[in-house]
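K.L.:
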Amino acid sequence: MTTAPPLPHAPVLDWFAEHARDLPWRRPEAGPWGVMVSEFMLQQTPVSRVLPVYEQWLARWPRPADLAAEPPGEAVRAWGRLGYPRRALRLHAAATAIAERHGGEVPSDHAQLLALPGVGEYTAAAVASFAYGRRHPVLDTNVRRVFARAVTGVQYPPNATTAAERALARELLPEDEARAARWAAATMELGALVCTARTPDCARCPIAAHCAWRAAGSPAHDGPPRRGQSYAGTDRQVRGKLLAVLREATGPVPQRALDAVWDEPVQRARALDGLVADGLVEPLADGTYRLPLT
DNA sequence: GACTCGTGGGT
DNA sequence: TACCCAAGAGT
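Using the UniProt record's numbering, count along the first sequence one by one with no gaps and you end on 294.
1) In chain order, which continuous runs of the alpha helix (DSSP H) of length 4 or greater are located wholly inside the stretch 170–235?
2) Cα separation between P224 and V138?
3) For L91, report the span of its alpha helix (DSSP H) as first-last.
4) Please report the straight-line C-alpha distance between V50 and L42, rounded to a whole angstrom.
5) Identify which residue in A125, G104 and P64 has its Cα closest to the Cα of L114.
6) Secondary structure at V106, three-state DSSP: helix, strand or coil?
7) Quick check: what's the CA-CA separation for L280 versus P52?
8) Expressed to the nearest angstrom, what Euclidean distance is found between the alpha-carbon atoms of W213 and E100?
9) Suppose the cutoff is 6 Å on Cβ atoms and the five residues either side in sequence are ignored; what does the same chain contact list for A131 look like?
10) Spatial neighbours of R145 within its chain, please: C-beta separation below 7 Å, excluding the five flanking residues on both sides.
11) Which same chain residues end up closer than 7 Å to V276 when comparing Cβ atoms and leaving out the 5 residues on each side of it in sequence?
12) If you check the beta carbons only, do A94 and P71 fall under 9 Å apart?
13) How is R27 classed by DSSP in three states: helix, strand or coil?
14) So what's R144 in DSSP terms, helix, strand or just coil?
15) Among the candidates D22, G104, A97 and L7, whose CA atom is the shortest distance from the CA of P62?
16) Measuring CB to CB, does Y54 end up less than 9 Å from P85?
17) According to DSSP, R290 sits in a beta bridge with which residue or residues?
18) Taking the alpha carbon of P265 as the point to measure from, which residue in D235, A285, Y289 and T294 has its own alpha carbon closest?
19) Across which residues does DSSP place V253 in a beta bridge pair?
20) In chain order, what residues of the same chain have a beta carbon less than 6 Å from the beta carbon of A169, not counting five sequence neighbours either side?
21) Mind checking T123: buried by the 16 CB within 10 Å criterion, or exposed?
22) What is the DSSP secondary structure of H19, counted as helix, strand or coil?
23) What three-state label does DSSP hand E264 in the structure shown?
24) What do you get for P6, buried or exposed, if any count of 16 or more other CB atoms within 10 angstroms of its CB means buried?
25) Since E177 and R134 are thought to touch, with beta carbons under 8 Å apart, how far apart are those beta carbons, to the nearest angstrom?
26) Output the distance between the C-alpha atoms of C202 and A10, rounded to the nearest integer angstrom.
27) Between A257, L243 and P28, which lies nearest to L82 when the distance is taken from Cα to Cα?
28) Identify, in the order they occur along the chain, each residue of the same chain with its Cβ nearer than 8 Å to the Cβ of R166, setting aside the five sequence neighbours on each side.
Encoded structure:
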């Protein structure tokens with residue numbers, strides 16, 4: 001057991017009280033379902049691109065049961081170009097589970113949240129904390145970066161979340177429940193607005209004076225390269241093109257319409273098979289394809 | 001642990 | 001221009 005290095009809560013909480021963005025899922029009317037929808041959409045996706053889709057989604061499906069009542073393909077279509085469309089499928093599946101097992105109410109219990117499709121450690125903690133004010137360490141990429149710098153004194157956290165990071169996050173969590181929930185949101189916001197990955201704005205940072213990384217002279221990242229994500233020419237790109245055709249179609253799509261998006265037949269077939277295997281695309285008996293009805 | 005899974009804006 | 005990277009989850 002190590003002792004947590006000093007990192008005062010008050011400056012971060014005060015900064016958050018003054019500078020927090022007015023995001024729709026932070027308003028009281030969003031409710032737990034709004035928080036959950038936002039968390040799914042924000043997985044690996046910037047706020048600016050989530051905003052319009054979120055508004056349309058909540059207007060169309062104001063409760064989990066509303067979404068569950070529709071085919072999963074409608075969720076995939078409404079997902080639009082947010083990326084990683086399996087999230088849409090999982091959100092639909094989560095809504096179905098909530099309607100069937102939880103009386104239509106998003107659970108507040110961390111373990112019950114974690115059992116839902118598409119809900120991992122981060123999202124379970126985020127929903128419990130932001131929607132219900134529960135006390136959980138919320139470790140997303142922003143918080144990990146803030147702690148890596150302010151406490152550990154390095155520019156970037158490890159590629160994968162470590163046990164040490166989890167332990168640190170738990171040690172730094174305020175005892176008071178409501179305060180812990182605000183701390184979670186505040187540290188995330190600090191990472192998103194000030195302690196950014198590329199060019200941190202230390203002049204505006206409320207804990208610059210306590211930052212171990214600054215104190216060490218802001219040393220450059222030292223360690224294994226942070227693996228980049230290639231995209232051009234990958235199956236992911238082909239899947240994206242195939243699904244875009246299906247999203248925009250009103251009826252079943254013939255094979256030739258899909259063949260037109262990529263000229264390499266082996267990769268094209270592999271991508272399409274993958275989409276079918278994932279449940280994102282439904283092949284029909286006559287050789288056409290559509291977004292899934294079941 | 002290493003990999004896969006979309007998309008687009010910022011630098 | 002060519003990267004970098006954005007509130008992760010599942011296998």
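A virtual CB, placed ideally from N, CA and C, is assigned to each residue, including glycine.
P.N.:
Checking against the coordinates, here is how it stands:
1) Correct list: 177–193 and 212–215.
2) 25 Å
3) R86 to R101
4) For V50 and L42, the gap between their C-alpha atoms comes out near 7 Å.
5) A125
6) coil
7) Rounded to the nearest angstrom, the two C-alpha atoms are 22 Å apart.
8) Across the structure, W213 and E100 are spaced so that their CA atoms are roughly 48 Å apart.
9) P32 and V35
10) Y156, P157, G191, C195 and A197
11) P283
12) Their beta carbons are not under 9 Å apart, which means A94 does not touch P71 by this criterion.
13) coil
14) helix
15) G104
16) Note that the C-beta distance between Y54 and P85 is not below 9 Å.
17) E282
18) D235
19) Y289
20) P137 and L139
21) T123 should be labelled buried.
22) helix
23) coil
24) exposed
25) 7 Å
26) 17 Å
27) Answer by Cα proximity: L243.
28) P137 and L139
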